[in-house]
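Note sheet for the following structure.
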Amino acid sequence: NAGVTQTPKFRILKIGQSMTLQCAQDMNHNYMYWYRQDPGMGLKLIYYSVGAGITDKGEVPNGYNVSRSTTEDFPLRLELAAPSQTSVYFCASRVDGASLEQYFGPGTRLTVT
Amino acid sequence: AQKITQTQPGMFVQEKEAVTLDCTYDTSDPSYGLFWYKQPSSGEMIFLIYQGSYDQQNATEGRYSLNFQKARKSANLVISASQLGDSAMYFCAMREDDDYKLSFGAGTTVTVRA
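Going down the list, the sequences are from chains Y and U. For the first sequence, the residue numbers in this note's numbering are 836 to 948. For the second sequence, the residue numbers in this note's numbering are 47 to 160.
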């Protein structure tokens, strides 16, 4: 299994540009998450999904959109990028079961200038 | 309100010694789970250990143990026999009952000295 994969690894955007961060998992996990981690800080939840076709907002959803058309993929869309969106973005997934940990992707480092 | 509090921004520990990382949490749910993750300088998030609120015993995983004090709402991570490779940021996280999400603390940076 590849686990959770994210592309790209790094990206620099200009203010006002848009982009999609890709996330895929091959573990057949129903639950998927997007987090952002600002420098020296913990992770904050942007959006999550409990299965294909179902998404919901997390703690910091403004400026982002998601879709979940398949179990495997959970892309995160940034519209009109702003410097405040400079961060490291992590995608995670987990199987059903409250005690089971989330598996994280390697992260995407995004800079908006 | 902050759900997870990690009050130690950074700690130094001598190789082979034990280190305790503090974590306090805030919830009114009787059923919840507590997680610890390690984030080395390479950036990935590595799951270390889990403690459920109804677990009778403290969780242990190799050199990691969780000192769970329910009445005090604390879930401290103990790393025994520290190794240079333990130098990393450590995050405490909580899942509350009927919730699919984790709430993370701000993290503690551990630096192991030779």
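All C-beta atoms, glycine included, are put in the ideal place defined by N, C-alpha and C.
Per-residue DSSP class, three states only, for D891 of chain Y: strand
Using a Cβ cut-off of 7 angstroms, which residues of the region 119-146 of chain U contact any Cβ in chain Y, in chain order? Listed by position, the residues of the region 119-146 of chain U near chain Y (Cβ gap below 7 angstroms) are F137, R141, Y146.
Beta-carbon contacts of G56 of chain U that lie in its chain and below 6 angstroms, excluding the five residues immediately before and after: T155
Which chain Y residues are close to F81 of chain U, counting only those with a beta carbon under 7 angstroms from its beta carbon? E936
In chain order, what residues of the region 79-107 of chain U put their CB closer than 7 angstroms to some CB of chain Y? G79, F81, G89, E90, M91, F93, Y96, G98
Less than 8 angstroms between the beta carbons of D891 of chain Y and Y883 of chain Y, yes or no? Contact flag set, yes.
At 8 angstroms on the CB atoms, spell out the chain Y contacts of P151 of chain U, in chain order. Note on residue identity: the sequence assigns Gly, not Pro, to residue 151 of chain U. Simply G877.
Given this structure, state the Cα-to-Cα distance separating S133 of chain U from V158 of chain U, to the nearest angstrom. 5 angstroms
Could you confirm whether any beta carbon from chain Y is found closer than 8 angstroms to the beta carbon of L112 of chain U? no
Stretch-stretch touch, CB-based, cutoff 8 angstroms, three pairs: the region 104-120 of chain U with the region 133-152 of chain U: no
Using the DSSP secondary-structure output, state which residues sit across from Q103 of chain U in a beta bridge. Per DSSP, none; premise fails for Q103 of chain U.
Given 8 angstroms as the limit, is there contact between the region 913-926 of chain Y and the region 840-858 of chain Y, that is, 3 or more CB pairs closer than that? yes
To the nearest angstrom, how far is it from the Cα of F150 of chain U to the Cα of Q85 of chain U? 13 angstroms
If contact is defined by three or more beta carbon pairs under 8 angstroms, each pair taking one atom from either stretch, is the region 58-76 of chain U in contact with the region 862-880 of chain Y? no
Chain Y within 8 angstroms of L67 of chain U, Cβ atoms only: no
How would you label S919 of chain Y, buried or exposed, when you count the other beta carbons within 10 angstroms and need 16 or more for buried? With fewer than 16 other Cβ atoms within 10 Å, it is exposed.
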